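Visitor: This is the structure I want to talk about, given as structure tokens.
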Amino acid sequence: MATLQQVVFKIDKEEYGLDIMRVNGIEKYQEVVKIPNAPVYVDGIINLRGEVLPVFSLRKKFHLADKPINDETKIIVAFTNDMKVGFVVDAVAEIMNIDEEDIEPTPKILTGVERRYIKSVAKVADRMIILLDIELIVSDEEKISLGQFVEVSQ
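Right, here's the structure in full:
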């Protein structure tokens, strides 16, 4: 039976998963440098070991209320097809192997802007984990726009 390895993280009370093959690392939150005129869900940029990365707030991207940064807040560094980005999340829960038989298509009842970012849903024991599609979270237009900011900063 095939399994998918996911980095499971929390935003609000919900659990989300990103394919571990797309994750470069999990970092302690660090202050970001704000970018003028950036979209509201782009927190800014960080210098991570000499590499400048754009940082997205998934809370803002998903239209959720702000929450103060605390010791559990993390930045998940991940790869899109052609760009490395950071995602601010409330907490990273675990690395989980999910059996393919536990994965279902996105329920039709889920509506709204966030639905388009969802690849599928995993039911694991009594938990529901929303599996995200990183390529849809960061659009091609955003990659181009953010790429220009990052190049100017380096």
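Quick note on my numbering: the sequence shown kicks off at -10 and runs consecutively.
Cβ atoms here follow ideal geometry from the backbone N, Cα and C, with glycine treated the same way.
Just so you know, these numbers come straight off a predicted model, no measurement behind them.
#1: If I follow the unbroken beta strand (DSSP E) through residue 73, where does it start and stop?
#2: Suppose only complete runs of 3+ residues qualify. What are the beta strand (DSSP E) ranges in the region 21 to 100, listed by chain order?
#3: Report yes if the CB atom of residue 12 is closer than 9 angstroms to the CB atom of residue 66, and no otherwise.
#4: If you compare alpha carbons, which of 127, 84 and 21 is closest to residue 5?
#5: Assign residue 102 to buried or exposed, taking buried as 16 or more other Cβ atoms, counted over all protein chains shown, within 10 Å of its Cβ.
#6: Rounded to whole angstroms, what's the CA-CA distance from residue 71 to residue 98? Just pull it up for me.
Guide: Inspection of the coordinates gives the following:
#1: 73 to 78
#2: 31 to 37, 40 to 46, 63 to 68, 73 to 78 and 80 to 88
#3: yes
#4: Ranking the options by Cα distance to residue 5, first place goes to 84.
#5: Low confidence applies to residue 102: its pLDDT is 49, below 50, so where it sits in the model is not reliable enough to give any reading.
#6: 32 angstroms
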